[in-house]
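J.: In the numbering used here, the protein residues as written are 27 to 426.
(1) Nearest by alpha-carbon distance to residue 329: which of 292, 364, 315, 311 is it?
(2) Where do the N-terminal and C-terminal ends of the beta strand (DSSP E) with residue 361 fall, by residue?
(3) Give the secondary structure of residue 165 by DSSP, where H, G and I count as helix, E and B as strand, and everything else as coil.
(4) Given a threshold of 16 other Cβ atoms within 10 Å of its Cβ, counted over all protein chains shown, does residue 297 qualify as buried or as exposed?
(5) Between which two residues does the beta strand (DSSP E) containing residue 209 stretch?
(6) Thinking residue 237 and residue 183 are a contact (beta carbons under 8 Å), I'd like their distance in whole angstroms, please.
(7) Answer with buried or exposed for residue 178, where buried requires no fewer than 16 other C-beta atoms within 10 angstroms of its C-beta.
(8) Could you have a look at residue 307 and say whether DSSP puts it in helix, strand or coil?
(9) At which residue ranges does the region 106 to 185 contain complete beta strand (DSSP E) runs of 3 or more residues, listed in the order of the chain?
(10) So for residue 249, helix, strand or coil by DSSP?
(11) Using a Cβ-Cβ cutoff of less than 8 Å, which residues in the same chain neighbour residue 87 once the five nearest sequence positions on both sides are dropped?
(12) Which of the three DSSP states is assigned to residue 194 in this structure?
(13) Could you say which of 204, 228, 369, 185 lies nearest to residue 197 if we only look at CA atoms?
(14) Residue 299 to residue 98, Cα distance in whole Å?
(15) Is it buried or exposed for residue 327, if we count other Cβ within 10 angstroms and need 16 for buried?
(16) Hey, how far is the Cα of residue 319 from the Cα of residue 270?
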């Protein structure tokens, strides 16, 4: 199960563990360089307790077919069978039956418009291999994937090519049935979006938070503040309260009282007074499930994007990320917001700063961070070679 990104793809709800511990090395990641820019393409924790990673972007943003697993006992990485189709900006979901689903994404080398996959495949944990399953009803990348309480997977939004010059942001949604291995369309979202977060709510509903919409040629887009809720019983989406600040590549996690905390991200490029604003957001917001209204939450010490957040027993843990104005250096800092607190407090930092990485809560309650970039462009020894965050790390929660 995955607790970053609001419980994320691969969990029906957050696993809450004790926090206030520190980070330790978890072995060299088997893939020399992997970037997970998307919200749902990073590692997930399987039913057997291992963390599985598959795909992502390598050097020059070429899509990878590499797959590997981390065993939380001795902390060893094992290379598994390769994906049938290399992909990035896809979704990876841990299923209740122990398998994992990889869906959609971008194949091959960097290009524009981005070629987009409808291809999906399943990981069989017994043999450590991938096999193709039925195609999605619509090709998409940058979509959300949420494990529902009945074991099905809700996939929503994303984007695909519209023409030779631009991308089309999608409002469509579909559901994967792992028993019959079928995809069926469900109600379309009220707003097309990608790079959003989908958060499981009490009662089985799902909250779509923010994201982006492509607006002009060559991939430029605007961040969204609009939010909506999916009702699995009727298969429909209903609008709910908008964020106070539009945000994308942010995080959103469920809180113990059923509310949702949205954290950081990119704000779009114009502030309320029309001034250019290229920097990551330090603000947070709390969604009240009863009223559907967002209120200000405790601000971060500084803004960050492409970070990760995990709900713990002590509060919310935020780690890694970068400043969206430059995307040069990964943050090592780790922050904790205890339940009911008004301020974030620092806890032990990661040994290596990283952004565009993945994270998941392991079966034993520790938090794994892997992959990503430590330094890039002006911060790297060579501007054309990103420095990978090669060493994986595990956060061990405090225990009494």
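For glycine and all other residues, C-beta sits at the position ideal for the given N, C-alpha and C.
All figures in this text were calculated on a predicted structure; none of them were measured in a lab.
T.: On the basis of the coordinates in this document:
(1) Nearest in C-alpha terms to residue 329, of all of 292, 364, 315, 311, is 292.
(2) Membership of residue 361 in the beta strand (DSSP E) is indicated by the continuous run 360 to 364.
(3) Of the three classes helix, strand and coil, the one that applies to residue 165 here is coil, per DSSP.
(4) Only weak support is given to the placement of residue 297: the predicted model assigns it a pLDDT of 45, under 50, and the value that follows is read from those uncertain coordinates. Counting the other CB atoms within 10 Å of its CB gives residue 297 a total below 16, which places it among the exposed residues.
(5) For residue 209, the enclosing beta strand (DSSP E) has its first and last residue at 208 to 212.
(6) Confirmed, Cβ separation roughly 7 Å.
(7) The C-beta of residue 178 has 16 or more other C-beta atoms within 10 Å across all chains shown, which makes the residue buried.
(8) Correct three-state label for residue 307: coil.
(9) Counting only runs of 3 or more, we get 117 to 120, 126 to 129, 146 to 150, 155 to 159, 170 to 173, 179 to 182.
(10) Here DSSP, grouped into helix, strand and coil, assigns residue 249 to strand.
(11) Taking residue 87 as the centre and dropping the five residues before and after it, the same chain places the C-beta of 61, 114, 135, 136 closer than 8 Å to its C-beta, in chain order.
(12) Here residue 194 sits in strand by DSSP.
(13) Comparing Cα-Cα distances from residue 197 to each of 204, 228, 369, 185, the minimum goes to 185.
(14) At residue 299 the pLDDT is 49, less than 50, meaning the model places this residue with poor confidence; the figure from the coordinates comes in the next sentence. Cα to Cα, the separation comes out at about 49 Å.
(15) Using a 10 angstroms sphere on the CB of residue 327, the tally of other CB atoms stays under 16, which defines it as exposed.
(16) Rounded to the nearest angstrom, the two C-alpha atoms are 9 Å apart.
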